[in-house]
Structure formats: structure tokens, C-alpha cells
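There are 2 protein chains.
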Amino acid sequence: MSPSSYPSKLLENAVNEFAKLPGIGRKTALRLVLHLLKQEKEQVYKFADTVHHMRQEIMYCKSCHNISDSETCNICADMNRDHSTICVVESIRDVMAIESTQQFSGVYHVLGGVISPMDGIGPDDLTIAPLEEKIKNGSIKEVIFALSTTMEGDTTNFYLYKKFDKYNITTTTIARGVSIGDELEYTDEVTLGRSLINRLPFEKTI
Amino acid sequence: MSPSSYPSKLLENAVNEFAKLPGIGRKTALRLVLHLLKQEKEQVYKFADTVHHMRQEIMYCKSCHNISDSETCNICADMNRDHSTICVVESIRDVMAIESTQQFSGVYHVLGGVISPMDGIGPDDLTIAPLEEKIKNGSIKEVIFALSTTMEGDTTNFYLYKKFDKYNITTTTIARGVSIGDELEYTDEVTLGRSLINRLPFEKTI
Numbered sequence: 001m002s003p004s005s006y007p008s009k010l011l012e013n014a015v016n017e018f019a020k021l022p023g024i025g026r027k028t029a030l031r032l033v034l035h036l037l038k039q040e041k042e043q044v045y046k047f048a049d050t051v052h053h054m055r056q057e058i059m060y061c062k063s064c065h066n067i068s069d070s071e072t073c074n075i076c077a078d079m080n081r082d083h084s085t086i087c088v089v090e091s092i093r094d095v096m097a098i099e100s101t102q103q104f105s106g107v108y109h110v111l112g113g114v115i116s117p118m119d120g121i122g123p124d125d126l127t128i129a130p131l132e133e134k135i136k137n138g139s140i141k142e143v144i145f146a147l148s149t150t151m152e153g154d155t156t157n158f159y160l161y162k163k164f165d166k167y168n169i170t171t172t173t174i175a176r177g178v179s180i181g182d183e184l185e186y187t188d189e190v191t192l193g194r195s196l197i198n199r200l201p202f203e204k205t206i
Numbered sequence: 001m002s003p004s005s006y007p008s009k010l011l012e013n014a015v016n017e018f019a020k021l022p023g024i025g026r027k028t029a030l031r032l033v034l035h036l037l038k039q040e041k042e043q044v045y046k047f048a049d050t051v052h053h054m055r056q057e058i059m060y061c062k063s064c065h066n067i068s069d070s071e072t073c074n075i076c077a078d079m080n081r082d083h084s085t086i087c088v089v090e091s092i093r094d095v096m097a098i099e100s101t102q103q104f105s106g107v108y109h110v111l112g113g114v115i116s117p118m119d120g121i122g123p124d125d126l127t128i129a130p131l132e133e134k135i136k137n138g139s140i141k142e143v144i145f146a147l148s149t150t151m152e153g154d155t156t157n158f159y160l161y162k163k164f165d166k167y168n169i170t171t172t173t174i175a176r177g178v179s180i181g182d183e184l185e186y187t188d189e190v191t192l193g194r195s196l197i198n199r200l201p202f203e204k205t206i
């Protein structure tokens, strides 16, 4: 569709802004904008103000680099949690995923990505230095790596493992294996192979 | 995911706002919000301000009810267009679709929907009265119905046809038939049947 077919510059600008979002093409952007046009003015102002306000006010926890409303996030500020166990994750979405399992009572460290030379992301672009600082201070007992099982995730795992080898800490990585509910015949061979190698005594799994 | 797993109220509010948009679930909303968080502040402010500004400033053409930046839209204000031929469409998206064909030089009338008793939309909820007003004034020669071929679209077509029957105008409807590029065997039988009934002399199609 040629740009000149938009009947209004205001509409076109709004479509352009929405189309910048990931996974939103121009047709979807137009659908969203027309939806907003049908809503009450107050509701649309609230949408815009909430987005503006969020970007302006949001902070990153100075300890774990998670998104937060204050200088220290709720998780790091919670004294009931085990501050000697750090779970290293890629992004805040992983924090939310792990939190929703209710199986982890330690704290997190958000790397902000994984090492990916192809995308120009090196170790210095991630929050590795502050993580090392925390470990150096000596109160950390265990670091759990919970990164994606992609090549980049594994590279980052290995880099961190080597880097922290000199400190007196336990480094672990979350278990890889057949998903619960999955049928064996549909599991890919790499996962199935790994789950055989890393088999556990039966009594540990119940 | 429980709402409490959001690490920040500001983030959660923004996700809630995005999740109100059609076709955007909470997971997608979170992805969009986290994308915005990674952008420069100025860029996000621009996004929010553009949306706010659009909703505040946008107008509807007083003649055709199309979205416009001014009281009369560019199409209605264009004196080179044929103001005696009105194409009746459901929404502004249809105007844009027809404009992009560059096959129509008349003007439009945006109904704002179709008659749909199931959704509580009756003739009075659409811009039928101003359309009749235009026809009454006598300068209209042809009204082209370009509504969807749904039950609601056909009902609206028929309602308008009956309503405007008493005026001395030609009423037409856009041709229905096999799409260009479609194979006959994959065309549904209703469309194929209609395209047989409404067959044209060969020389008219070249």
C-alpha cells in the first residue's frame, strides 16, 4: 500500500510508530490504531501516558539488574530469600518464568543477553562484571546458570564457568531432559541423549 | 502467570494497557513493553505522544465520514474527482484498499459498520441519514455498494437498496467472482456459482 493512501497524516504517524514494534507489520499496526480511534479519548490518553510514564520512571535493581520500581527490586529486598544462591538468567522474562514455578528461593542476576559475536554482543556488553564483584565479596555459595540451550547460551555458560572457576563457589546448570508430558518418540535425539547421560537415581525424582 | 510475578507495577500497568489491544495477549504485550524499555527514552516518548496526539486531533470528514486531518478529507476536497459517484464502504480500511487499486475516481461514504442485530448495530448507528441527505440533494448519479459479502454486509446492501429505491439514482454493487490468480477447483461453490450467473461478454473483460 503506498504511503499516500493514508487519509490522514496523524493516522499515518501512529501506524508508523506501531509498525516499529517487533512482530507488528503495517496492516496490524493500522488495525491497532483504528481500534484506538474507536475507544474513548480518556482511555487512549491513559494508554499513551502509561507507556510514557513507564519508560520514564522504571529502574533497574542495582543488585540483580532486574526491572524494578525502586533501587532494589522486591526479590533482592526480600530477606527471607537465600542471598547466597544466585540464578543467572538472560532476561527479566526468565526471572518471571522461574518465579512462576515457585521452586526457587534464591536471588537472580539478569545478564541482559548472552554472548553473541554475530550480533556484536561481547562479555563487556553484559552485566558480568557486577556479578563477579558479588562473587568476589564472598557471600555467594552457589551460582546456577539458567540460560537458553542455544549455541550463544552454551558459549556464555562456558565463559562464565571458566571465569568463576577460581572462586570457591559451586556452579550448577539447570537440568536438560525430556519435558514433562512429552512422549519419548517425539523428543529430539540430542535432548534424549543428554537425558540418558544425565540420568538420576529413581528415588531422587520422586 | 500470576499477576504478582511482575517485578514492577509500572511494567505491569503497561502490559495491561497493551493487552487491551485486539489480538494482543499478555505474553505478546510483555514482549512489546520489554522492547520499548530497550529503546531510547525519546523514542518511547515519541511513540506515546504520537498516539495521544492522534486521538486528540484526528477528525472525521463531515462529508464522507472518513478519517481526516481537517474538516473535509483530501478525497472530498479534490475537485478533480467525480462527486456524483459515491462508493459506500464499511470502514476507512476499505477506502484505503479501494484507493490503492487506483481504479476509482469518485468519492466515498464511510458507514462506520454494517447492520448487525447480533451486535446491537441497527441502521441508526451507521451514517445512513447523512448519506440519504446527500442523495436527496440531487447531485448524486450512482451509488456503488462495496460492503463485505457476509450476511451482515448483504443485509445492509439490501436495506440501503430498498431505502434509496425512491430516488432517481443508479445503485450498483462491486462484482463478486473468482479472484484473479485463483484456481477454479479451489474456489468455493457459492462464488463459482455466482461468477457463472454473472458472466460477462468476453470482450468486456479485456
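Taken in order, these protein sequences are the chains called R and B. Just so you know, the first sequence maps onto residues 1 to 206 in UniProt numbering. Just so you know, the second sequence maps onto residues 1 to 206 in UniProt numbering. Glycine included, every Cβ here is placed at the ideal spot set by N, Cα and C.
Between residue 67(B) and residue 8(R), the beta carbon gap of about 5 Å places them in contact (Cβ cut-off 8 Å).
Distance between residue 19(R) and residue 12(B), taken at the CA atoms: about 22 Å. Distance check between residue 46(B) and each of 51(R), 42(R), 143(R) places 51(R) closest, using alpha-carbon atoms only.
Around the CB of residue 126(B), 16 or more other CB atoms lie within 10 Å, so the residue is classed as buried. Positions of the alpha helix (DSSP H) runs, each at least 4 residues long and wholly inside the region 98-163 of chain B, are given as 128-136, 151-163 in order along the chain. Across the structure, residue 152(R) and residue 158(R) are spaced so that their CA atoms are roughly 10 Å apart.
Apart from sequence neighbours up to five positions away, the residues of its chain that approach residue 15(B) with a beta-carbon distance below 6 Å are 29, 30, 33, ordered along the chain. Nearest C-alpha to residue 43(R) among 43(B), 10(B), 48(B), 39(B): 48(B). The continuous beta strand (DSSP E) containing residue 83(R) extends over residues 82-89. Straight-line spacing of the CA atoms in residue 60(R) and residue 73(R) works out to 8 Å. The shortest CA-to-CA distance from residue 36(R) to any of 38(B), 56(B), 35(B), 27(B) is the one to 56(B). Judged by pairs of C-beta atoms under 8 Å, the region 162-175 of chain R touches the region 130-141 of chain R, as three or more such pairs exist. Residue 184(B) and residue 94(B) have their C-alpha atoms roughly 26 Å apart. Among the residues facing chain R, residue 50(B) is included, as its CB has a counterpart in that chain under 7 Å away. Looking at 188(R), 87(R), 62(R), the one whose alpha-carbon comes closest to that of residue 109(R) is 87(R). Rounded to whole angstroms, residue 122(R) and residue 115(R) show a C-alpha spacing of 5 Å. CA-to-CA, the gap between residue 160(R) and residue 83(R) works out to about 19 Å. Linking residue 198(R) to residue 191(R) through their CA atoms gives a straight-line distance of about 10 Å.
Residue-level contact check: residue 67(R) touches chain B, since one or more beta carbons of chain B fall below 7 Å from its beta carbon. Per DSSP, the continuous beta strand (DSSP E) segment holding residue 170(R) begins and ends at 170-173.
Under a 10 Å Cβ-count criterion, residue 174(B) is classified as exposed, with fewer than 16 other Cβ atoms of the shown protein chains found around its own Cβ. Between residue 147(R) and residue 90(R), the gap from beta carbon to beta carbon is short of 7 Å. In summary, residue 105(R) is exposed, with fewer than 16 beta-carbon neighbours lying within 10 Å of its beta-carbon over all protein chains present. Contact between residue 85(B) and residue 144(B) holds: their C-beta atoms lie close to 7 Å from each other, under 8 Å. Here residue 195(R) really is in contact with residue 177(R); their C-beta atoms are around 4 Å apart, less than 8 Å. For residue 114(R), the closest Cβ of chain B is not nearer than 7 Å. For the pair residue 10(R) and residue 188(B), the CB atoms are not nearer than the 7 Å cut-off.
Relative to the Cα of residue 137(B), the nearest Cα in the group 63(B), 25(B), 54(B) belongs to 63(B). Per DSSP, residue 45(B) has no beta bridge partner at all.
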